[in-house]
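Numbering (mature numbering (1 follows the signal peptide of the UniProt record, and there is no 0)), first residue to last: -27 to -1, 1 to 504. Worksheet for the structure shown next.
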């Protein structure tokens, strides 16, 4: 008995020692803390004073710079007269749709109240943004850059730039966000934008992180006298081709390297609207440190209005299969083209009238937010908030109707999604919580034989895809992130008037290995008040 007891004690002490070593080695990833106060303030981006949404007095808002796997804690204090939420555009909330910041997953932050977001930039790098997701507040500001850098020891497939600059480019309206909201609520379309904005001026900058934070307008980005080497698209390293100019569609982000090898002077940085008449243009200045000559001469020529040029360029953007991303293993080690799909969704956007007012829809359903967030209703098993039969997998004939669209999927499904655009305006689609492979673009109606034209080898991953007029775009996505995820039009008036849905990625186990539990500070509203 004594010997057995001694052995047991030795094993117990040894186990404690091992546990102590384990705890010492497995230190938690770093934390970054932010406190953001959201207020109204006077701004004049187009030379005319107007009300804007400021974060800590700044327009655009503060930029977040962090490293892969950092924990981000943002206390948002809402001093507006409206409810408010921030969504983290393209930042994947691994196992954590609780922090997505959209009305399907979060109760809005009431005026004179606060909410603290807490999420991890798990296994990702790249160029992203954040912006308000409620009402039309995005039209007044409240947006900013969100850059995730590689961890020390994880190589990047290009020389470290001397410097870099974040450019937030987009269309802008002189009318306030409340006036734009009233325009949409009255059943009318948004007017033509008042102009384009670039937030930048820079010296000796070599990397440009360019994000389209506008409401509705695709832009073309170029720099006078310089070529753009594309190196990253929304968290994925790309084949490093050179471009004279790049189309960046609503909600998208790119990173380019620019070699400053021209005679020392100032050069124009140009952004112009795509597929609009008239064409809006705005400029900033690239300044060589030893320049004494202002920018001059004609602006670099913009591409033609025709969509063929843009679609052809989009097909040239490819994954760098030998480069790593957030981890050392090559991006091409995941052979997405060999995985069989278990389901195909064909999602067709449309424009219609309901009760005499303009609405937008997906497969005939124009989305309406319930008073209870879908995620909370799902977690607390509250019936009557949504069902999985409102929207069909493919377009069907019939009138548009109001509804709360949720597509039910299983965790780890590999799904093909076709975005079918039967309208004459360009579309842009974003999926929260994920990136996906953009495997094909084409004209006209998608048919199954179009799969023969898919890029199943080196299509790049991204979180937002454009769909050209009277055309289709195809993506493949591995649904490995459990939660309730927003799939929406990135064109904000269309999203505001119903062009969105949610994807419920679900399995029947409640485990921290697949999804985090509800945060203790989660706001309650609708039918979950008191739960």
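A virtual CB, placed ideally from N, CA and C, is assigned to each residue, including glycine. Every value quoted in this text rests on a predicted model; they were computed, and no experiment measured them.
By how many angstroms is the C-alpha of residue j removed from the C-alpha of residue i?
i           : j           : result
residue 275 : residue 92  : 40 Å
residue 14  : residue 52  : 11 Å
residue 97  : residue 61  : 13 Å
residue 136 : residue 179 : 6 Å
residue 269 : residue 168 : 22 Å
residue 508 : residue 351 : The question about residue 508 has no answer here: the residues shown for the chain are numbered -27 through 504.
residue 304 : residue 151 : 44 Å
residue 174 : residue 260 : Summary for residue 174: the model assigns pLDDT 33, below 50, so the residue's position carries little reliability; its value from the coordinates is reported in the next sentence. C-alpha separation (whole angstroms): 8 Å.
residue -5  : residue 485 : Because the pLDDT at residue -5 is just 36, under 50, the model does not fix this residue reliably, and the value given afterwards should be weighed accordingly. Looking at the two C-alpha atoms, the distance is approximately 19 Å.
residue 108 : residue 323 : 21 Å
residue 203 : residue 227 : 7 Å
residue 163 : residue 384 : 38 Å
residue 417 : residue 479 : 34 Å
residue 499 : residue 400 : 32 Å
residue 386 : residue 317 : 11 Å
residue -11 : residue 95  : At residue -11 the pLDDT is 36, less than 50, meaning the model places this residue with poor confidence and gives no usable figure here.
residue 439 : residue 367 : 19 Å
residue 176 : residue 240 : In this predicted model, residue 176 has a pLDDT of only 39, less than 50, meaning its place in the structure is not dependable; the value taken from the coordinates is given anyway. One C-alpha to the other measures close to 11 Å.
residue 153 : residue 471 : 16 Å
residue 482 : residue 403 : 28 Å
residue 30  : residue 69  : 29 Å
residue 22  : residue 148 : 11 Å
residue 78  : residue 340 : 15 Å
residue 170 : residue 139 : 13 Å
residue 4   : residue 120 : 15 Å
residue 419 : residue 447 : 9 Å
residue 503 : residue 310 : 47 Å
residue 321 : residue 236 : 50 Å
residue 496 : residue 9   : 18 Å
residue 335 : residue 280 : 23 Å
residue 465 : residue 215 : 31 Å
residue -13 : residue 488 : Residue placement at residue -13 is poorly supported in this model, since its pLDDT is 36, which falls under 50; the coordinates are not used for a value here.
residue 258 : residue 197 : 10 Å
residue 85  : residue 501 : 21 Å
residue 262 : residue 332 : 51 Å
residue 312 : residue 250 : 43 Å
To the nearest whole angstrom, what separates the beta carbons of residue i and residue j, a pair I think is in contact under 8 Å?
i           : j           : result
residue 221 : residue 186 : No, residue 221 and residue 186 are not in contact; Cβ-Cβ is about 10 Å, not under 8 Å.
residue 63  : residue 101 : 4 Å
residue 380 : residue 476 : 5 Å
residue 314 : residue 411 : Contact flag wrong, Cβ pair sits at about 15 Å.
residue 65  : residue 454 : 7 Å
residue 40  : residue 111 : The pair is not a contact, with the Cβ atoms about 27 Å apart (cut-off 8 Å).
residue 407 : residue 444 : Rounded, the Cβ-Cβ distance is 22 Å, inconsistent with contact.
residue 291 : residue 212 : 5 Å
residue 190 : residue 113 : The Cβ separation is near 17 Å, so there is no contact.
residue 231 : residue 181 : 6 Å
residue 26  : residue 11  : 6 Å
residue 229 : residue 433 : About 14 Å; that fails the 8 Å criterion.
residue 90  : residue 49  : 7 Å
residue 298 : residue 209 : 6 Å
residue 405 : residue 459 : 4 Å
residue 338 : residue 369 : Between residue 369 and residue 338 the Cβ distance is about 10 Å, and since that is not below 8 Å, they are no contact.
residue 192 : residue 117 : Not really, about 18 Å apart at Cβ, beyond 8 Å.
residue 294 : residue 382 : Actually they do not touch by this definition, with Cβ atoms about 28 Å apart.
Taking residue i as part of the beta strand (DSSP E), name the residues at either end of that continuous run.
i           : result
residue 330 : 330 to 335
residue 316 : 316 to 327
residue 240 : 239 to 246
residue 260 : 254 to 260
residue 280 : Taken as a continuous stretch (DSSP letters only), residue 280 belongs to no beta strand (DSSP E), being part of the alpha helix (DSSP H) at 280 to 289.
residue 32  : Neither: residue 32 is in no beta strand (DSSP E) and is coded neither H nor E.
residue 228 : 226 to 230
residue 7   : 4 to 16
residue 369 : Segment: none, residue 369 is in no beta strand (DSSP E) and carries neither H nor E.
residue 72  : Run containing residue 72: none; DSSP gives neither H nor E here.
residue 88  : 86 to 93
residue 59  : 59 to 62
residue 339 : 338 to 340
residue 39  : 37 to 40
residue 409 : 409 to 416
Tell me which residue opens and which closes the alpha helix (DSSP H) that residue i is part of.
i           : result
residue 351 : 347 to 352
Any heavy atom of the ligand COA closer than 7 Å to the CB of residue i?
i           : result
residue 146 : Only the bare structure without any ligand can be found here, which leaves the ligand COA out of the picture.
Touching or not, the segment 27 to 44 and the segment 67 to 85, by the rule of three or more beta carbon pairs under 8 Å? Note that the segment 27 to 44 does not touch the segment 67 to 85; fewer than 3 beta-carbon pairs, one per stretch, sit closer than 8 Å.
Tell me, please, whether the segment 418 to 431 touches the segment 341 to 355 by the rule of three or more beta-carbon pairs shorter than 8 Å. Segments in contact, no.
In the segment 419 to 476, which residue ranges form an unbroken beta strand (DSSP E) of at least 3 residues, counting only runs that do not cross its ends? Listed in chain order, the beta strand (DSSP E) runs fully inside the segment 419 to 476 are 437 to 440, 444 to 452 and 456 to 462, counting runs of at least 3 residues.
Contained alpha helix (DSSP H) runs [length at least 4] in the segment 106 to 193, N- to C-terminal order: Taken in chain order, the complete alpha helix (DSSP H) segments of 4 residues or longer contained in the segment 106 to 193 are 150 to 158.
Residue ranges of each beta strand (DSSP E) within the segment 376 to 406, 3 or longer: Every unbroken stretch of the beta strand (DSSP E) spanning 3 or more residues and falling wholly within the segment 376 to 406 is given here in chain order: 379 to 383, 386 to 394 and 400 to 404.
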